[in-house]
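Comments concern the structure below.
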């Protein structure tokens with residue numbers, strides 16, 4: 001008796017068929033017969049199993065002993081309806097051919113799981129994009145708070161900057177051998193009293209000419225620097241105030257509903273209304 005062995009394989013082979021006698025053919029003979037019939041089929045790295053995934057315990061077993069194993073994986077109702085067909089011989093045997101897969105340490109899935117664990121451990125509670133009850137974003141409120149703190153600390157920063165600049169100038173004066181503001185005051189007093197005390201010129205002439213000529217000197221007037229800084233600040237504030245005043249005047253001139261202090265329409269509003277009436281058609285008396 002010949003039994004058809006239907007082997008469902010992987011792409012691109014599809015389902016393979018083989019007609020063999022089950023009483024004389026062993027399970028280990030199926031793969032060589034398939035390779036002989038289908039030369040393109042791989043000759044190694046393949047395994048035969050039932051459709052349920054169970055492998056026969058003995059590869060040297062006859063195909064006739066596999067009918068009971070394959071009948072467990074297939075669900076049919078013909079045996080319940082027709083008891084007389086239970087002892088009929090099976091006409092085909094269904095098997096599955098699948099390639100062997102070598103195991104390893106894990107692929108991309110394990111890396112994704114590890115990365116997900118690291119991301120969940122480093123999760124931060126950043127709610128800057130959320131809004132409060134008034135509809136404003138929390139990031140905007142934080143920026144406004146930082147700006148207010150920055151403006152409050154501006155005098156301290158300016159004072160610290162001035163102190164640092166003053167310390168830098170004093171250090172430079174010490175390096176150049178200048179005593180600082182005291183020497184400037186003393187020199188000015190000496191110049192003012194040069195007519196009364198002519199001995200000061202003689203004391204200056206006592207220094208050696210080479211030492212005076214070779215020494216590096218730098219004139220530093222701290223009072224002049226402070227005055228120039230104040231002048232620059234005043235000019236900046238005056239320009240800012242002028243631009244702000246000009247902007248306000250422009251807004252007042254462009255607004256059609258501008259009124260004076262007494263509540264009557266201003267000249268700008270009347271002029272605008274008159275222009276609109278003239279451009280629209282016949283001239284009408286406005287405000288008469």
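In UniProt numbering, the protein residues as written are 1 to 288. Yeah, the Cβ is synthetic: ideal placement off N, Cα and C, and Gly gets one too.
According to the Cβ coordinates, are residue i and residue j closer than 7 Å?
i	j	result
residue 33	residue 18	yes
residue 100	residue 47	yes
residue 43	residue 35	yes
Along the chain, where does the alpha helix (DSSP H) that runs through residue i open and close?
i	result
residue 98	No alpha helix (DSSP H) contains residue 98, which is instead part of the beta strand (DSSP E) from 92 to 99.
residue 243	222 to 254
residue 139	138 to 152
residue 4	Where residue 4 is concerned, there is no enclosing alpha helix (DSSP H), although the beta strand (DSSP E) it sits in stretches over 3 to 8.
residue 32	30 to 37
Rounded to whole angstroms, what's the CA-CA distance from residue i to residue j? Just pull it up for me.
i	j	result
residue 109	residue 135	42 Å
residue 169	residue 233	21 Å
residue 6	residue 117	46 Å
residue 102	residue 25	29 Å
residue 260	residue 246	Because the pLDDT of residue 260 is 48, which lies under 50, any placement of that residue in the model is unreliable, and the number read from its coordinates should be weighed accordingly. Between residue 260 and residue 246, the C-alpha separation is close to 18 Å.
residue 225	residue 231	10 Å
residue 236	residue 229	11 Å
residue 10	residue 63	22 Å
residue 248	residue 240	12 Å
residue 222	residue 238	24 Å
residue 250	residue 242	12 Å
residue 160	residue 151	15 Å
residue 114	residue 120	10 Å
residue 129	residue 141	11 Å
residue 199	residue 172	With a pLDDT of 46 at residue 199, under the threshold of 50, the modelled position of that residue is not reliable, and the figure given next carries that caveat. Each residue's Cα considered, the two are about 31 Å apart.
residue 56	residue 125	56 Å
residue 2	residue 23	9 Å
residue 252	residue 144	29 Å
residue 131	residue 147	19 Å
residue 299	residue 177	As shown, the chain starts at 1 and ends at 288. That puts residue 299 outside it, with no answer to give.
residue 318	residue 112	The question about residue 318 has no answer here: the residues shown for the chain are numbered 1 through 288.
residue 94	residue 8	8 Å
residue 158	residue 133	38 Å
residue 164	residue 174	15 Å
residue 166	residue 149	26 Å
residue 38	residue 92	19 Å
residue 254	residue 244	16 Å
residue 138	residue 227	43 Å
residue 289	residue 13	Given that the chain is displayed from residue 1 to residue 288, the structure contains no residue 289 and the question cannot be resolved.
residue 4	residue 20	7 Å
residue 154	residue 107	57 Å
Taking all protein chains shown into account, do 16 or more other C-beta atoms lie within 10 angstroms of the C-beta of residue i, making it buried, or fewer, making it exposed?
i	result
residue 50	buried
residue 97	buried
residue 15	exposed
residue 45	exposed
Span of the beta strand (DSSP E) holding residue i?
i	result
residue 49	46 to 49
residue 18	15 to 20
| task | Enumerate, from N- to C-terminal direction, the unbroken alpha helix (DSSP H) stretches of 4 or more residues contained entirely within the UniProt region "Disordered" (108 to 136). | result | 108 to 121
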